[in-house]
Amino acid sequence: MSDVAISTRGLRKTYRTRRGRKVVAVQGLDLEVPAGGVHGFLGPNGSGKTTSIRMLLGLVRADAGTMTVFGRPVPAQLPDVVGRIGAIVESPKFFPAFTGEKNLELLAEAIGAPRARVGEVLEQTSLGERGRDRFRSYSLGMKQRLAIAATLLKEPDLLIFDEPTNGLDPAGIREIRETMRGLGEQGKTVLVSSHILAEVEQVADTVSIIGHGRLLASGTVAEVIGGGTAPTVKVAVGDHEAATRILVAAGLTVRADGKYLLVEGAPDPADVTRRLAHQELYVSELAPVRADLESVFLELTEGEGL
Ligand SMILES: Nc1ncnc2c1ncn2[C@@H]1O[C@H](COP(=O)(O)OP(=O)(O)O)[C@@H](O)[C@H]1O
Ligand SMILES: [Mg+2]
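Each residue of the sequence shown is one higher than the last, beginning at 1 in UniProt numbering.
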């Protein structure tokens, strides 16, 4: 039994536009998604997320490279694992005049899932009673949760959601986020793509960041952040000019940021206050600046020209 849910090596895909121009969508992607938990698949628009997902699901053919899902080579052995995968790649079609529940019952019948699953998956996606309302009365967030509910009917181990929060308002985004977190906590593997880091940062156990179809960084959120920007402290002090001179002389890098100075280069906060106080510059505020995934993401994808 492998503890890797998805792995790709040297995955490549070039599209040819109608005018004969070549577009390299994915160029040598090495992806590794551990089994269990939520994995954020992050990258700017056009970085190759959807193409990669479509290749994994056998919807488009790769030009080169290898892929496995639960240790099985795909697409060759996709039929052996497809029953363990639930995916939303484009908006699924539901009948607007039927209730959410009725829509799921029809789907369950079509794929041979027990009817009792319908109630369970409605609960799992917090639709519950609203399952008895017509699909067309649902908010976008509820529609998207019904789509997730549909993927859960056959009790998959791996869920693949391509930008599931696209077009949702903050409440809808939160609902989807909580649903994903719940699935991850149940031990399912959730691969969720997004071009908006903040939507995924709070639920992802691990992330991969891609740009131009290549892997830029991957690991736990902490690892990816740690590998990025150097520790920084934010200092409020009266005389910026004098303070900057003292700290630069101490070998630190200093940048002004509004009323604050950002002091970079692994500064020891006690050392910063001592040096400044020594010259009668008194610090009124000092706080570590938490490097967040957003800044690492921007740093990594900067100059990607996307
Ligand atoms: N069917 C297609 N034909 C031609 N080019 C495509 C096609 N699908 C995607 N592309 C191009 O491939 C690149 C990657 O697209 P995509 O995988 O959709 O990225 P993402 O999902 O990260 O936004 C983009 O430059 C896009 O324009
Ligand atoms: Mg996409």
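The C-beta atom is built at its ideal place from N, Cα and C for all residues, glycine as well.
Pairing R130 with T179 gives a Cβ-Cβ distance that is not under 8 Å. Scanning the region 99-168 for uninterrupted beta strand (DSSP E) segments of 3 residues or longer gives 158-162, listed from N- to C-terminal end. Here V23 is exposed: its Cβ has fewer than 16 other Cβ atoms, across all protein chains shown, within 10 Å. Contact between P288 and V233 holds, with the beta-carbon distance rounding to 5 Å and staying under 8 Å. No Cβ-Cβ contact shorter than 8 Å links L153 with A87. Across the set V89, V296, L261, L57, the C-alpha of V296 shows the shortest separation from the C-alpha of G211. Inclusion of T50 in the 7 Å shell around ligand 1 follows from its C-beta lying nearer than that to a non-hydrogen atom of the ligand. The Cβ atoms of V60 and K93 do not sit closer than 8 Å to each other. Counting along the chain, the unbroken beta strand (DSSP E) around L31 starts and ends at 22-34. Where V200 is concerned, the enclosing alpha helix (DSSP H) starts and stops at 198-201. A171 sits in a helix when the DSSP states are folded into three classes. Shown here, G184 sits in a helix according to DSSP, grouped into three states.
If you look at S218, you'll find it in the beta strand (DSSP E) that goes 214-220. Relative to the Cα of D30, the nearest Cα in the group E101, V207, A243 belongs to V207. Between M67 and T8, the gap from beta carbon to beta carbon is short of 8 Å. The C-beta distance from L261 to T244 rounds to 7 Å, short enough to meet the 8 Å contact threshold. For A113, same chain residues with a beta-carbon under 7 Å away, outside a window of 5 residues either side, are L153, K154 in chain order. The beta-carbon separation of E101 and R134, rounded to 10 Å, does not stay under the 8 Å limit for a contact.
Between ligand 1 and the CB of S208, the shortest heavy atom gap is not smaller than 7 Å. Comparing alpha carbon positions, the residue from A76, K49, G58 closest to I196 is K49.
Counting only runs that start and end inside the region 33-88, the alpha helix (DSSP H) elements of at least 4 residues fall at 49-56, 78-81. D268: not part of any beta strand (DSSP E); DSSP gives it neither H nor E. For V23, the distance from the CB to the nearest heavy atom of ligand 1 is below 7 Å. In the DSSP assignment, D257 is bridged to Y260. Its Cα nearest to that of A35, the residue A204 stands out among I176, S139, A204, E90. Non-local beta-carbon contacts of D3 in its own chain, meaning distances under 7 Å to residues more than five positions away in sequence, involve P34, A35 in chain order. The region 70-90 and the region 160-169 touch, with three or more beta-carbon pairs separated by less than 8 Å. By the Cβ-count criterion, P73 is exposed, with fewer than 16 other Cβ atoms from all chains shown falling within 10 Å of its own Cβ.
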